[in-house]
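Here the protein sequences come in this chain order: A and B.
Sequential numbering from 85 applies to the first sequence in this note's numbering.
Sequential numbering from 13 applies to the second sequence in this note's numbering.
To start, the structure under review is shown below, and the notes come after it.
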Amino acid sequence: MKKIKKIKIKVNGKLKVIKEGYNLLNLINNLKIPIKKVAIELNKEIVDKKKLNIIKLKTNDKIEIVHFIGGG
Amino acid sequence: MSECAKAIKLSGADIVTVAVRRVNISDKKKPILMDYIDPKKVTYLPNTAGCFNSDEALRTLRLAREIGGWKLVKLEVLGDKKNLFPEMIETLKSTEVLAKEGFKVMVYCNDDPLMAKRLENSGACAIMPLAAPIGSGLGIQNKVNVKIIRNQTKLPLIIDAGLGQASDAVIAMELGCDGVLVNTAIAKAKKPFEMALAFKNAVIAGRKSYLSGRIEKRILGSPSSPSEGII
Chain A
85 MKKIKKIKIK VNGKLKVIKE GYNLLNLINN LKIPIKKVAI ELNKEIVDKK KLNIIKLKTN
145 DKIEIVHFIG GG
Chain B
13 MSECAKAIKL SGADIVTVAV RRVNISDKKK PILMDYIDPK KVTYLPNTAG CFNSDEALRT
73 LRLAREIGGW KLVKLEVLGD KKNLFPEMIE TLKSTEVLAK EGFKVMVYCN DDPLMAKRLE
133 NSGACAIMPL AAPIGSGLGI QNKVNVKIIR NQTKLPLIID AGLGQASDAV IAMELGCDGV
193 LVNTAIAKAK KPFEMALAFK NAVIAGRKSY LSGRIEKRIL GSPSSPSEGI I
C-alpha cells in the first residue's frame, strides 16, 4: 500500500499536519472557511483568492486567515 | 454581538470601524460580525487599531482590502502603550504609501494643525484628531486647535477618541466637525443603548447649533423682553 506523505504547516499560528499535494483551496475548504469573508496570507504575502487552487502547500508554510471583527 | 448591533442601530452611525484578526479555526461556531451587521447597510471601516508601526498598519489594511474590496480605511499608528497617542511620523509615512496605492485614508492623528495640514497634503481623505487619549472619556481638551484645523481644511473632520458623554459630541459638532467616532463612551456606559441614543441626539443637536449661527458672547446682560411699553 502506498503511504500518503504528510507535511507540517502553520495556520493562524497553530501547527497543522496535512496531506502532501494539498493546495490552498483544499485547506480552506477543509477548514470550512467562507472564502468571501476572509483574506489569506501565505508566508506574509497576500494571496489572490482566485488562485487558491493552483498554490500547492509546502512544509513550513505559514498561512494566516483573517476576517473582520468589531473594534475601533 | 447582537447587543453591539443594536447599539449601532440606535446610535444612527453610518460607519462602523472593524479590526482585522485571525479567524478562529478551532471553533467554527464562533459568530461572525458580518452575520450581525450588514456591510451593505452600515459602512465597514477597516482600521489598524493595535498597530505600532507603518509596516504592521500597511499589512493590516492590504489584508482588509482583500477581504471585501474596501478602499476606505482608517489609519491608526500608535506610539506608546501608556497613553495611546498616535505616532505621527509613522502615520504620515503610511498615509503617503496608502494614498499612492489607491486607498482612501481617514487618519487618526493628534490635534496639531500643522500635522493635519501635512496629512492633507499627503493624500488623507479625512482628518481624525483625538479629543483626548483613547478610552479616557475626558472630552475635547484642545478646542482651539480643533477650531483651527476646521478653519484650514475642507476635508471631513471627525473627532476620534476620548469622548466621554453626549455633551462632548455636541461640542465637537459645534466646533464644526463633521462627525465623531465613539466606542468606549457607549460600550462601557452603564446603559449602552440609552447612551447610543444620547450620542445620536447630541450629534444632531450640535450640528444644527453649528449651522444656526450662535449669538455673540457679551460680558453684560441684555434684556430679552422689549423695554417699550413698560408699566
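All C-beta atoms, glycine included, are put in the ideal place defined by N, C-alpha and C.
Note that the structure is predicted; figures quoted are calculated from it, not measured.
* Spatially closest choice to residue 177 of chain B from B:145, B:214, B:156, B:168, by CA coordinates -> Locating residue 177 of chain B in the second sequence gives position 165, where the first residue counts as 1. When only C-alpha atoms are compared, the closest one is B:214.
* **Nearest residue (CA-CA) to residue 190 of chain B, options B:198, B:200, B:208, B:217** => Position 178 of the second sequence holds residue 190 of chain B. Residue B:217 is the option with its Cα nearest to residue 190 of chain B.
* **Helix, strand or coil at residue 196 of chain B according to DSSP, with G and I counted as helix** => The residue labelled residue 196 of chain B in the question sits at position 184 within the second sequence. Under the three-state reduction of DSSP, residue 196 of chain B is assigned to helix.
* So which residues of chain A does residue 44 of chain B contact, with C-beta pairs closer than 9 Å? -> Reading the second sequence from its first residue, position 32 is the one you call residue 44 of chain B. Near residue 44 of chain B (Cβ distances below 9 Å), the residues of chain A are 118, 121, 151, 152, 153.
* Asked: What is the rounded straight-line gap between the Cα of residue 79 of chain A and the Cα of residue 235 of chain B?
  -> Because residue 79 of chain A is not part of the residues shown, which for chain A are 85 to 156, the question remains open.
* Identify the contact partners of residue 74 of chain B in chain A, using a Cβ-Cβ distance below 8 Å as the criterion. => Here the question's residue 74 of chain B lines up with position 62 in the second sequence. Going along chain A in sequence order, the residues near residue 74 of chain B (Cβ under 8 Å) are 130.
* Under a three-way DSSP split, which group does residue 97 of chain B fall into? -> To locate residue 97 of chain B, count along the second sequence from 1; it is residue 85. DSSP places residue 97 of chain B in coil when its eight states are reduced to three.
* Candidates B:19, B:30, B:56, B:69: which alpha carbon is nearest residue 99 of chain B's? -> By one-based count along the second sequence, residue 99 of chain B stands at place 87. Cα-wise, what sits closest to residue 99 of chain B is B:69.
* Take residue 42 of chain B and list the residues in its own chain whose beta-carbon comes closer than 6 Å to its own, dropping the five residues that flank it on each side. => What you label residue 42 of chain B is simply residue 30 of the second sequence in a count that begins at 1. Closer than 6 Å at Cβ, skipping near neighbours: 36.
* Asked: Going along chain B in order, which residues have a C-beta closer than 7 Å to the C-beta of residue 101 of chain A?
  -> Taking the first residue of the first sequence as 1, we reach residue 101 of chain A at position 17. Listed along chain B, no residue sits closer than 7 Å to residue 101 of chain A by beta-carbon distance, the nearest being about 14 Å off.
* Determine the chain B residues that contact residue 104 of chain A at a beta-carbon separation under 7 Å, and present them in chain order. => Here residue 104 of chain A corresponds to residue number 20 of the first sequence, with the count starting at 1. For a Cβ distance threshold of 7 Å, nothing in chain B lies close to residue 104 of chain A: the least Cβ distance comes to about 20 Å.
* Asked: Among all the DSSP beta bridges, which residues are the ones paired with residue 191 of chain B?
  -> What you label residue 191 of chain B is simply residue 179 of the second sequence in a count that begins at 1. BP columns for residue 191 of chain B point to B:170.
* When the cut-off is 8 Å and only beta carbons count, does residue 79 of chain B lie next to chain A? -> Residue mapping note: residue 79 of chain B aligns to position 67 of the second sequence, counting from 1. At least one chain A Cβ lies under 8 Å of residue 79 of chain B.
* Could you run through the stretch 110 to 124 of chain B and flag, in chain order, every residue whose CB is less than 8 Å away from some CB of chain A? => Cβ proximity to chain A below 8 Å picks out nothing from the stretch 110 to 124 of chain B.
* Quick one: which unbroken alpha helix (DSSP H) runs of 4-plus residues sit fully inside the stretch 71 to 134 of chain B? Chain order, please. => Inside the stretch 71 to 134 of chain B, DSSP marks whole alpha helix (DSSP H) runs of 4 or more residues at positions 100 to 112, 125 to 133, from first to last along the chain.
* Asked: Using a C-beta to C-beta distance shorter than 7 Å, which residues of chain B count as neighbours of residue 115 of chain A?
  -> Position 31 of the first sequence, counting from 1, holds the residue named residue 115 of chain A. Chain order gives the chain B residues near residue 115 of chain A as 37, where near means a beta carbon separation below 7 Å.
* Would the beta-carbon of residue 91 of chain A fall within 8 Å of that of residue 104 of chain A? -> The residue you call residue 91 of chain A lines up with position 7 of the first sequence. The residue you call residue 104 of chain A lines up with position 20 of the first sequence. In this structure, residue 91 of chain A lies near residue 104 of chain A, with their beta-carbon atoms less than 8 Å apart.
* What does a CB cutoff of less than 8 Å around residue 17 of chain B pick up in its chain, not counting 5 residues either side in sequence? -> Numbered from 1 along the second sequence, position 5 holds the residue referred to as residue 17 of chain B. Leaving aside the five residues that flank residue 17 of chain B on each side, the residues in its chain whose CB is nearer than 8 Å to its CB run, in chain order, 48, 49.
* Thinking just about the alpha-carbon of each residue, which of B:201, B:94, B:114, B:101 is nearest to the one in residue 120 of chain B? -> Counting from one through the second sequence, the residue named residue 120 of chain B turns up at place 108. Measuring C-alpha to C-alpha distances from residue 120 of chain B to each of B:201, B:94, B:114, B:101 identifies B:101 as the nearest.
* CB residue 137 of chain B to CB residue 112 of chain B, shorter than 8 Å? -> Taking the first residue of the second sequence as position 1, residue 137 of chain B is located at position 125. Taking the first residue of the second sequence as position 1, residue 112 of chain B is located at position 100. Result no, Cβ atoms of residue 137 of chain B and residue 112 of chain B do not sit closer than 8 Å.
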